[in-house]
Structures are given as structure tokens and as C-alpha cells.
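Engineer:
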């Protein structure tokens, strides 16, 4: 039925590609991820004062994350399906544990101390929530009925609220959107969608009252960064100057004065896009964003070709979540969204979210392999 | 739930999904376009504006390190201060020909090869617009020469910084301590935010103990800098809060007298006000110059300090654990009186040795005086330091009762002085030996402990504190070097409150009995420190002690002449004065100092100064050894 060739239906049959397929790695997606990671290391080198230290640490994390991806890619899709509700139940228990017994770090309770390692259950929920919803909705007639919509809403809202209570606004947004995407891809009617959007807008004043002071401050800062130029507005002002002064062609690698002169805060983590845009300009940004779009569309392509609803919904949601990372991060660094602490995926320095992302790509690849197995 | 591959629904479900996925893809692309528009606005439309801002955007946050608090002695004499020092710095970016410039500069100021090589190393790790230190601590002449020639050297800068200086030099270094560069380990343990811009931290002594008080709170300023990093304008400023000033109980003049009295000897003098615990002198010789450490001591010099015979870096009053020898006898004597084991006028016959009753080995516990002291009561036993009397007393008292009583004076326990690393000495007991040595206690060991030998160990500080408790008749006050802290922010003064505890004897009159006996040590006809008592303008109570470094075999004679210096006995002396109402308690401990009676003049010099406020030369006779 879908006979027109898709732009992202890239396939080649080199020996390397076949070898990768043998270990359930989808070569095109893999190439995109690899390219992005390499660019990330280059930017990180510049953001970290041309020191190899950060790059080395990031390399170790990337290695670990790729390993996680490889392992997850080997899990058959039916296993992912089978375990979804169990993972969800476990995730909920852990989230409640974090709130009652978790470690307080930087004013927020996010970490669960397991004696050996500390970890953030909220991070896992970015994968588990879409898994759960895909599991739930794939069993039901699509587009979803009002009843399954209601249950889906509960399945999304409960973990979101628990994470927001930690408080971790960035992660709760990502969890909520990941869940929402499943419902949307499952065929949520546009009318209902419009209703949700309107209800959401009505909810804003209530949300405002629930927000912590530092979260409110971030929103206020976005609206008028100049109100507090040396305090919370400093990040946005400096980051806008960095991006703007990059111009069309950029100042060149390692030559960004904003970044190199220490004006730009958190330049190797959340604000690394500003370093990139300053040094490589508009042209570089276009290439980088195009690469992201390529990965996302490839993910959606894999989703479209999955064999069943579960695979489609999960793969589609994961790809779109990846997009949310990109959009929220670039949006906040360029000053059109509030600062919510979402890293630039695969480029920002830091480990936890990278492992989650790559586990998500692992799932995409597992879903892709499932299709191949069935079609054989 | 069974896994269902819903082939039947495939077409409709898949079609629905594809529509949705395509819609999502379109939305994603549209949103990316929004980002592009935003970037275009910033990078193309507003490029000139932001580029301008970036050029002028040189607002930098700079830390303003606080000035470290000062340290004064009890009379307001300054012991640690901050002095401006001048450093020669170069900004590589502004220099055309570095080699020529270095050559020209070396004609004006002395530049060692190390200075130059360190400078070249740091060029690599700094940005080219940052100024890098070439020479530290320029003297006045060099500063003047550089100032005159400044026009010849663009990119050269003379920076002034405050550095810690100890005007008293070697005096009281073991109490005051010194600061040095913050090392990596310290960096992990401090509040790094509050140490931004601070390079030094208290390493030893009070400088370390009161680091939190002395350091202060960092300030900050936002400054506008030009493209070379030079400050053009201060935008706003939160001034730092300087550290608090310390006023010590130490009397630096008394301290110097104590150090001078020790002279070339290796030893310690600790003087304490019994009623208040104020430490007046805390001397440890040989000493060293703390200023060496402030700018980073050279390896050779450090090695020299570490390996030299007297071990100047060793804090003797705090770390040195010595057998207290006969200076323990007044305390053991009081234990005997309090336990009613002896009465003051009970006499024993000293024949020069003591035999444990019913002991088959027949080992003779010898007195220092071969022929014995004859009929001996408590007064005589203290005045002439009779060993046999205390063997007998200790034997009858038993080690455990002795342990419990001596513990009241703080033996075997840290005094709690405001310095880190204090040793607790050792007060042995049956339990201790079972636990640590895993053997039983032998009766002979009780005898040896009774004269302050064997397992018993005390630090000079402990000995002084115990003497103060004795002089204070059982009121034990925690010794302390800090008298008060003056807040630089509010100018309010906070006084150190020492811990205090007290105990009484069954008969408080026993204190006077022991005082009287100890007075005879200095003023009695047969007193072991009688020469020190000559022409004394006040009454002093004391006790000499000589602690064996090695045991003398049964029939061996001890010959000081033939024994190497480092194997000679430790000399000790404890004293308090005036006898009638003690104002100062002193302990003198000298490594390999031969004999306790030779230590008495050292204590006298300290007490003389404190009570008479003048440093009269002692009469010649006092310098000679008394015999014991």
C-alpha cells in the first residue's frame, strides 16, 4: 500500500552494514548517532578550555552508553512488551521511595542511594512510561476509546507528578511528552487534542502556584532577562550573545570569545549549543540540526515499518522524545523557552541522560530487528 | 497476557499510525524551522548588536579574597600579620620578544634559572592575555628599579599582594603555626567558593586550628575588562569580610625567655595560669622560622629541617611523650595520702633498695642514692626524691588505685588544648595491659610506675596541666592558647570559655602537705633543686625528675660521661609559684638533659619574669647542677 519510496528509506548493503545488522544494529541510525557523538566531542573539547580531560571522561560515558544500546538492541521486542507493566510498577515504587527516602542533591530529591551506585529512577521513567502506554494501547482498538484515553492519562500523569514533586521539571516534562506521544500516535482525535491544549492553558495559573521559586524565577527570567542581568538572567543574556556574535559562519573552532573567556556559564553541559553556535555560526547550526532531524525521521521511519502496534507506538514515541530534547534545549539556550535543565542529547557533558537515550535507541533497533525477523 | 501479533488489524492500525507519524514529522520539521528563525534572528538580523556586545562584553566576576585575621599575644604584641609583597608579572601577549626582555630584566632584578623555567612552563597553561608571575617577593630596591624602567618593558606589571608574615620569627612557632599553599587534599575539604582567590591556608598550630575564624568571607566584584583582560571599571562589588583577630593567652616575651633559657638544648617549656588554664608559654626547641613556609619552602631546606638532629618541626610539648620520672612523685604521694595508705609523717627506712615481699627472684629495686636516705617520711621523700619510699607506697597502693587517682590530673588523657594532633600519653593499668599488651600486670611494674618510669608516659603539656591542677588544689581547667576572638565585622569580642572540672581529697589539708614538701625541693637544705632556690624573691614549689632512657642492669653503673648524648636521661622539672598563692605552673622537659635539677633554673627564669616582670640574670650557682 505504501509504495512510494520514503526519503529516509536509506538502505545499503555494504559488508559492514550487514555485519551490524547481524548484531541487531540498524546501520543508518547508528551512523547518525555516531556522527553526532563525534561532533559533540569536538565541541566539548572547545567548551572545556581545550583540555582533553572532559573529552576523556565523556568518551568513557559514550562507550558505556553505546554498550547499553548494544545490549538493549539484543532484547527481543516481545520481551520488551512482556516486561513493560512490571517495569512500570517497579518504577512507580522507586519514585515513591525517592520521595520518602531519597538523597537530597542540589536542593532536589532525585537520587536513590543503592549503596553501590546512586541512580535516578526518574531517568528510567523516560523509557518506561512510553513502554507502558504502548503496552496498554496496543491491546486496545485504535483510535483509543474515551475510557482507554482516561486510563492512559492516569498512566502519564501519576509518574509526571511524582517526578515534578522531587522537584525535577525537566525530566517530568520529558516523561509527560513521551507518554503523550504514544497516545497521539495511537490516533488521539484532533478535537480531543485541541481540548487538552486548551485545558492545559487553563491549568497554567494553577501550575504557576505549584512551582518552586527557582522554577518561577526561570520563567520570569525568560520573559525579561535584563531584569536580573548578573543573577538568573546572566545565563540567557550570555548565551544569546554567544549565539548572536557567531554570525553566519562562526568564529571558528576554539575561537569563541564568549565561551573561551569564561563568560558563558555551564557551557559544557546544558549550554553547549551556545558554544557550538558561536564557533560554527548559522551554517554549523543548520548542519547540526539537520543531523538531529535526520535521526528523528529515521526513527519515525523505523516506527512506521514496525510489525505491530506496540513496536510502532514505542518506536515513534522514543523518536519524538528525542526531538523534544533537542527543541527544549536549543529553545532554552537561544532564549525562547525557560531554562529547564534539559541537555543537548549526545553532545552535552554528562552521563545519566546519555545512557537513557542510548537505551532508547537500543529499543528502536530491537523493534527494527523484529520487523526483519518477521519479514524473513 | 499473550503476545499478539495483530496481523488482522495491521492495515488499519498501520495506516492510522503512518498518518500520525507523518503529522508528527511535519510538526517536528516546522518546529525546527522555528529554531532556525530564532537563530537567524540572533545570528543574522541582530548579529551586529550581539557582535558588539561580545566585543564589549568583558564583565567578569572576580573574587575578592578576605584579609586573614591577625594574631596577637596577651599584651597585644602582633604574632602574625599580613604584609604587602611585590611580584613581577608579565603578560606574554603584549611582549614582542620574550627572550630579549627576560635578558634585559635579569640585568635589573635577579632571576634564577628556576624562575625563568617555571615562568615558561606556566605560559603554556595560561591564556596569553593573563599575567603570569615571573619573580615573587621583590625587595624595595628591585621594586624601585623596575618602576623607573617600566617604560622599557611593555607587558610588565608589578603586582602587590598581602602575604602572611610572622614578625616574631622563630618564637612561638609551635603554638602559632604557619600558613602555606592550599594543597589538593585540603582543596577537597574546604568550601571552595569561600576560598576563591585565596592561595594559603593554616597548616599547623593555631593558624590551622582557628582557620575558620581567621579566614573570613570572600567578597566579589563584577568588573569590566578590556580584550587583554585588564580591569577598566568595577561594575558592582560585595566587599569581603576579613577574618577575625585572635588574642592569645601567650606572652611572647615570656615565650622568648623560655626559648632562650632552653638555649641549645632540645626540649620544651610549658607555663600555665592554674586558675584560668591560660597557656603563657609553649616553647619547643630547636625551633624554626615559619616565614620559610609561607612562600613555599625549598626542598633542600625542608629536608634539612626534617633530618636535623633536634627535629625542629617536632612539636615537643604536644607530641613528645616522655616518662615523667620523679616529677610524678607528688601525684603518687597525694594518691597515697588520699587512699590513707600512708600518713604524712609515716616513716620508712630507706637502705638504698627495695625488695618486693615474698618475691623469690629477690630482685633489688634500687634507689638513685646507693647508700639510701635512712628514715624517710613524705617530706623527705619528695625533697630528696627517695625512690624506695615510692616503691613501697606504690606497692601498697596498687596500680589500679594509682591509675584512678592520677587520671584525675589528666594523665593518660588529652588536655584538650586548642591545637590539633595532641598525644594522650599513657597511664597504665591492669586493664590496659590486658587489652593492649595481652599479658598480666606484674607487681614490679607497679613499683616502676610509682616513680614515673616503665609504661608511664606524659607530654610536657600534660605535665604542666597536671601541675596547674595540683597548684589549683584539684580544680582542673582546660589549657588554652586562645584568650579571645575579636570579630572584625562587629568589633565584638568573644572570650574563650575553658572547660573546668574539680575533685577534692578526703582531707583538703593533704594539698598543703604536698605543697610544703615540694617547697622543700627548692628551699630545703637537702632539696634536689636547692641551688635554684638561693636568693629567690618568692617561694617556689617544685619537683625534679630524671627519666631513664634505657634501663640500667642490676650491677651496672651509670656513667654520664661515656653515654652518648642521645642516650642520656631526660631531665624534667615541674614547679609552681608563689607557693602561698600560685600564679603560674611550669613544666620543663629536656631531651637527654642529664638531670632534673639542671632544668630548675630554666623554670626559674620563666617564673622570675612572670612574677617580677624582669629578666634578671640568674646567679652563677643556679646554673650549676644540684645533686639529687
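Protein chains in written order, with this note's numbering: chain A, 293 to 668; chain B, 3 to 630. Note that beta-carbon positions come from the ideal geometry of N, C-alpha and C, so glycine has one too.
Shortest alpha-carbon distance to residue 542/B belongs to which of 510/B, 337/B, 532/B, 578/B?
Structural biologist: For the residues 510/B, 337/B, 532/B, 578/B, the minimum Cα distance to residue 542/B belongs to 578/B.
Engineer: Would DSSP call residue 222/B helix, strand or coil?
Structural biologist: Correct three-state label for residue 222/B: strand.
Engineer: Terminal residues of the continuous beta strand (DSSP E) containing residue 82/B?
Structural biologist: Residue 82/B -> beta strand (DSSP E) spans 80-92.
Engineer: Within 10 angstroms of the Cβ of residue 651/A, are there 16 or more other Cβ atoms? Answer buried if so, exposed if not.
Structural biologist: Its Cβ being crowded by 16 or more others within 10 Å, residue 651/A is buried.
Engineer: Give me the Cα-Cα distance between residue 371/A and residue 360/A, rounded to the nearest whole angstrom.
Structural biologist: If I take the Cα positions, the gap works out to 16 Å.
Engineer: Determine whether the beta carbon atoms of residue 183/B and residue 202/B lie at a separation below 8 Å.
Structural biologist: In contact: residue 183/B and residue 202/B (Cβ atoms closer than 8 Å).
Engineer: Report the neighbours of residue 52/B on chain A: residues whose CB is nearer than 9 Å to its CB, in chain order.
Structural biologist: Chain A residues near residue 52/B: 532, 533, 534, 535, 536, 537, 538, 539.
Engineer: Tell me, to the nearest whole angstrom, how far the beta carbon of residue 530/B is from that of residue 599/B; I am working on the premise that it is less than 8 Å.
Structural biologist: Going by Cβ atoms, the distance from residue 530/B to residue 599/B rounds to 5 Å, so yes, they are a contact pair.
Engineer: Just to check my reading of the structure: residue 412/B and residue 455/B have Cβ atoms closer than 8 Å, yes? What is that Cβ distance to the nearest angstrom?
Structural biologist: Wrong, their Cβ atoms sit about 19 Å apart, outside the cutoff.
Engineer: Quick check on the burial criterion: 16 or more other C-beta atoms within 10 angstroms. Buried or exposed for residue 514/B?
Structural biologist: The residue in question, residue 514/B, is exposed, as its Cβ has fewer than 16 Cβ neighbours within 10 Å.
Engineer: Looking only at its chain, what residues have a beta carbon closer than 7 Å to the beta carbon of residue 389/B, apart from the 5 residues adjacent to it on each side?
Structural biologist: Contacts found: 369, 370, 453.
Engineer: Does residue 655/A have its Cβ less than 8 Å from a Cβ in chain B?
Structural biologist: By this cut-off, residue 655/A is not an interface position.
Engineer: Run through the region 384-441 of chain B for me and flag every whole alpha helix (DSSP H) of 4 or more residues, listed as ranges in chain order.
Structural biologist: Runs of the alpha helix (DSSP H) inside the region 384-441 of chain B: 389-399, 401-409.
Engineer: Can you tell me whether residue 301/B is buried or exposed, with buried defined as 16 or more other CB within 10 angstroms of its CB?
Structural biologist: Exposed, by the Cβ-count rule.
Engineer: Kindly list, in the order they appear in chain B, the residues whose Cβ is closer than 7 Å to that of residue 577/A.
Structural biologist: Residues of chain B passing the Cβ test: 41.
Engineer: So, does the CB of residue 198/B fall closer than 8 Å to a CB anywhere in chain A?
Structural biologist: So no, residue 198/B is outside the interface.
Engineer: When burial is assigned at 16 or more other CB atoms within 10 Å of the CB, is residue 547/A buried or exposed?
Structural biologist: When all chains shown are included, residue 547/A counts as exposed.
Engineer: Identify the continuous beta strand (DSSP E) that holds residue 270/B and give its terminal residues.
Structural biologist: Segment 269-274, the beta strand (DSSP E) holding residue 270/B.
Engineer: Could you check where the alpha helix (DSSP H) with residue 217/B kicks off and where it finishes?
Structural biologist: First-last of the alpha helix (DSSP H) with residue 217/B: 213-217.
Engineer: What does residue 98/B pair with, by DSSP beta-bridge criteria?
Structural biologist: In the DSSP output, where bridge partners are listed per residue, residue 98/B has none listed.
Engineer: Given that a residue counts as buried once 16 or more other Cβ atoms are within 10 Å of its Cβ, and exposed if not, what is residue 658/A?
Structural biologist: So residue 658/A ends up on the buried side.
Engineer: Measure the C-alpha to C-alpha separation of residue 251/B and residue 295/B and round it to an integer number of angstroms.
Structural biologist: Spanning the two alpha carbons is a distance of roughly 25 Å.
Engineer: Here's the rule: buried if 16 or more other CB atoms are within 10 angstroms of the residue's CB, otherwise exposed. What is residue 612/A?
Structural biologist: Buried is the call here.
Engineer: Could you work out which residues of chain A lie near residue 28/B, taking near to mean beta carbons separated by less than 7 Å?
Structural biologist: Those within 7 Å of residue 28/B in chain A number zero; the least Cβ separation is about 11 Å.
Engineer: Apart from the five residues just before and just after residue 477/B, which ones in its own chain have a Cβ nearer than 6 Å to its Cβ?
Structural biologist: 504, listed in sequence order.
Engineer: Name, please, each residue of chain B whose Cβ falls closer than 7 Å to the Cβ of residue 549/A.
Structural biologist: Correct list: 56.
Engineer: Helix, strand or coil, according to DSSP, for residue 547/B in the structure here?
Structural biologist: Looking at residue 547/B - three-state DSSP - the assignment turns out to be strand.
Engineer: What residues in the region 612-626 of chain A have a beta carbon less than 9 Å from any beta carbon of chain B?
Structural biologist: Within the region 612-626 of chain A, the residues whose Cβ lies closer than 9 Å to some Cβ of chain B are 612, 615, 618, 619, 622, 623, 626, listed in chain order.
Engineer: Got a sec, what are the start and stop residues for the beta strand (DSSP E) residue 158/B sits in?
Structural biologist: Note, residue 158/B: beta strand (DSSP E), 158-167.
Engineer: Answer yes if the region 381-392 of chain A comes into contact with the region 330-348 of chain A, meaning at least three C-beta pairs across the two stretches below 8 Å, and no otherwise.
Structural biologist: Contact fails: fewer than three Cβ-Cβ distances are below 8 Å.
Engineer: May I ask which residues mark the beginning and end of the alpha helix (DSSP H) holding residue 641/A?
Structural biologist: Neither: residue 641/A is in no alpha helix (DSSP H) and is coded neither H nor E.
Engineer: Between the C-alpha atoms of residue 540/A and residue 45/B, what's the straight-line distance to the nearest angstrom?
Structural biologist: Cα to Cα, residue 540/A sits roughly 6 Å from residue 45/B.
Engineer: How would you list, in chain order, the residues of chain B whose beta-carbon sits under 7 Å from the beta-carbon of residue 671/A?
Structural biologist: This structure leaves residue 671/A out entirely; chain A is present only between 293 and 668.
Engineer: Does chain A have any CB closer than 8 Å to the CB of residue 225/B?
Structural biologist: It does not; no Cβ of chain A falls within 8 Å.
Engineer: Tell me which same chain residues have a C-beta within less than 7 Å of the C-beta of residue 391/B, skipping the five on either side of it?
Structural biologist: These residues qualify, in order along the chain: 350, 352, 378, 383.
Engineer: At the level of alpha carbons, what is the spacing between residue 484/B and residue 179/B?
Structural biologist: If I take the Cα positions, the gap works out to 13 Å.
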